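For the sequence shown, my numbering assigns the number 547 to the initial residue and increments by one for each residue that follows. One structure below.
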Amino acid sequence: MALVPFDDRDGFVWWNGSLVPWRDAKLHVLSHGLHYASAVFEGERAYNGKVFKLREHSQRLIDSGRILGFEIPYTVEEIDAATNAVVAANGQPDCYIRPIAWRGSEMMGVSAQQSKINVAIATWAWGSYFSDKEKGIRMCWAKWSRPAPNTAPTSSKAAGLYMICTMSKHEAEKNGYADALMLDWRGQIAEATGANIFLAIDGVLHTPKPDCFLDGITRRSVIAMAKARQIQIVERAIWPDELAQAQEVFLTGTAAEITPVGEIDKYRFTPGPITKALLEDFGRATRGEVDFPIS
Ligand code: PMP
């Protein structure tokens with residue numbers, strides 16, 4: 547199938563306050579965000595026209611910018627409204643949404659104190675992030691580790707943090723795997739390249755503490771769903787060899803939704819009752835039949 551490039555599509559992009567025709571949403575090559583990764587973004591999904599956990603995503607965008615030292619010039623209410631406007635304008639009730647904020651072209655150096663903060667929001671039709679979701683995806687170890695919180699702004703959804711994710715994912719795909727599992731700088735299990743991870747061990751759910759990676763909005767939703775089902779959930783440090791004890795493993799993320807994992811290196815898992823129950827709850831939550839509050 548021919549790729550349809552993202553800069554040559556129909557529709558609208560919300561661009562610094564107004565909807566512009568898709569192909570006009572361009573920036574100059576001398577933009578600070580491009581050279582110095584002074585950009586933060588979000589990934590959201592709309593289900594039947596309604597953005598799942600919109601407020602939490604808009605707030606995280608603002609918070610991510612503050613962590614990088616900049617203030618997005620819109621309120622959380624304005625970002626929510628802009629997101630809904632662009633979803634409606636593009637006429638795809640089931641879509642992926644990409645808000646991004648970046649430092650502009652006013653200054654080009656490490657210091658960019660006077661640079662203007664730009665914000666854009668685009669949407670596109672997008673189905674499943676992974677194929678093979680039924681029996682579980684195949685994963686390998688990433689050779690890159692998540693940095694320590696005093697090495698990078700790890701709780702920001704900052705563009706620069708994705709450099710090691712793309713390198714890890716490309717390496718995994720080159721070797722026939724769907725994704726890579728990243729350890730953190732201590733050697734503990736951290737997350738996949740764009741999703742958090744959960745292990746079911748003898749009926750109890752375990753997930754790494756998000757102390758050096760994104761505390762995903764889907765992750766928090768899944769924890770709320772597990773609690774509502776009275777499934778015990780433990781957030782803790784998890785070492786790689788503990789995968790040997792897990793019967794079920796799955797990833798969570800806006801793009802990944804809940805994706806069962808069948809294989810990580812030499813370890814094997816089978817999607818079972820816990821994964822299935824949470825998949826059912828997630829389906830109900832994204833269809834708006836039930837809410838699992840997370841904030
Ligand atoms: N970790 C990384 C590196 C991600 O890119 C994502 C996707 N945003 C997640 C975790 C999951 O976060 P969320 O559930 O908020 O989409």
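Ideal placement from N, C-alpha and C gives every residue a C-beta, glycine not left out. All figures in this text were calculated on a predicted structure; none of them were measured in a lab.
I need the boundaries of the beta strand (DSSP E) containing residue i, first residue and last residue.
i, result
"residue 780", "779 to 782"
"residue 752", "750 to 754"
"residue 840", "No beta strand (DSSP E) contains residue 840, which DSSP labels as neither H nor E."
"residue 747", "742 to 747"
"residue 735", "735 to 738"
"residue 805", "803 to 810"
"residue 592", "590 to 593"
"residue 828", "That residue, residue 828, is in no beta strand (DSSP E); its alpha helix (DSSP H) goes 819 to 832."
"residue 799", "794 to 799"
"residue 567", "564 to 567"
"residue 559", "558 to 561"
"residue 836", "Per DSSP, residue 836 belongs to no beta strand (DSSP E) and is neither H nor E."
"residue 587", "585 to 587"
Shortest alpha-carbon distance to residue i belongs to which of the options?
i, options, result
"residue 802", "699, 732 and 743", "743"
"residue 693", "645, 730, 701 and 618", "730"
"residue 808", "636, 794, 799 and 699", "794"
"residue 637", "594, 657, 818 and 734", "594"
"residue 607", "629, 738 and 592", "629"
"residue 778", "804, 747, 688 and 631", "747"
"residue 763", "566, 622 and 840", "840"
"residue 572", "660, 648, 828 and 813", "648"
"residue 602", "820, 761, 734 and 672", "761"
"residue 578", "792, 752, 659 and 645", "659"
"residue 600", "616, 617, 580 and 622", "622"
"residue 597", "581, 618, 575 and 639", "639"
"residue 786", "656, 737 and 551", "737"
"residue 565", "714, 631 and 705", "631"
"residue 695", "581, 756 and 657", "756"
"residue 684", "812, 833 and 670", "812"
"residue 749", "817, 720 and 726", "817"
"residue 769", "790, 804, 789 and 588", "804"
"residue 674", "703, 728, 591 and 716", "591"
"residue 697", "720, 641, 670 and 732", "732"
"residue 699", "654, 652 and 609", "609"
"residue 669", "654, 641 and 653", "641"
Check whether the Cβ atoms of residue i and residue j lie closer than 9 Å to each other.
i, j, result
"residue 767", "residue 676", "no"
"residue 614", "residue 586", "yes"
"residue 667", "residue 560", "yes"
"residue 663", "residue 611", "yes"
"residue 741", "residue 718", "no"
"residue 635", "residue 558", "yes"
"residue 784", "residue 734", "yes"
"residue 753", "residue 745", "yes"
"residue 679", "residue 806", "yes"
"residue 724", "residue 583", "no"
"residue 751", "residue 780", "yes"
"residue 645", "residue 604", "yes"
"residue 798", "residue 830", "no"
"residue 650", "residue 657", "no"
"residue 552", "residue 682", "no"
"residue 686", "residue 627", "no"
"residue 665", "residue 618", "yes"
"residue 728", "residue 690", "yes"
"residue 703", "residue 588", "yes"
"residue 832", "residue 796", "no"
Over the uninterrupted alpha helix (DSSP H) stretch that includes residue i, give me the two end residues.
i, result
"residue 603", "600 to 613"
"residue 579", "578 to 582"
"residue 764", "763 to 774"
Problem set entry | 3 or more residues per run - each beta strand (DSSP E) lying fully within the region 666 to 727 | Runs of the beta strand (DSSP E) inside the region 666 to 727: 683 to 687.
Problem set entry | Three-pair Cβ contact test at 8 Å for the region 704 to 718 versus the region 769 to 786 | In short, these stretches do not touch, since the Cβ pair count stays below three.
Problem set entry | Those runs of the beta strand (DSSP E) which lie wholly inside the region 635 to 661 and span at least 3 residues | The region 635 to 661 contains these whole beta strand (DSSP E) runs: 641 to 649.
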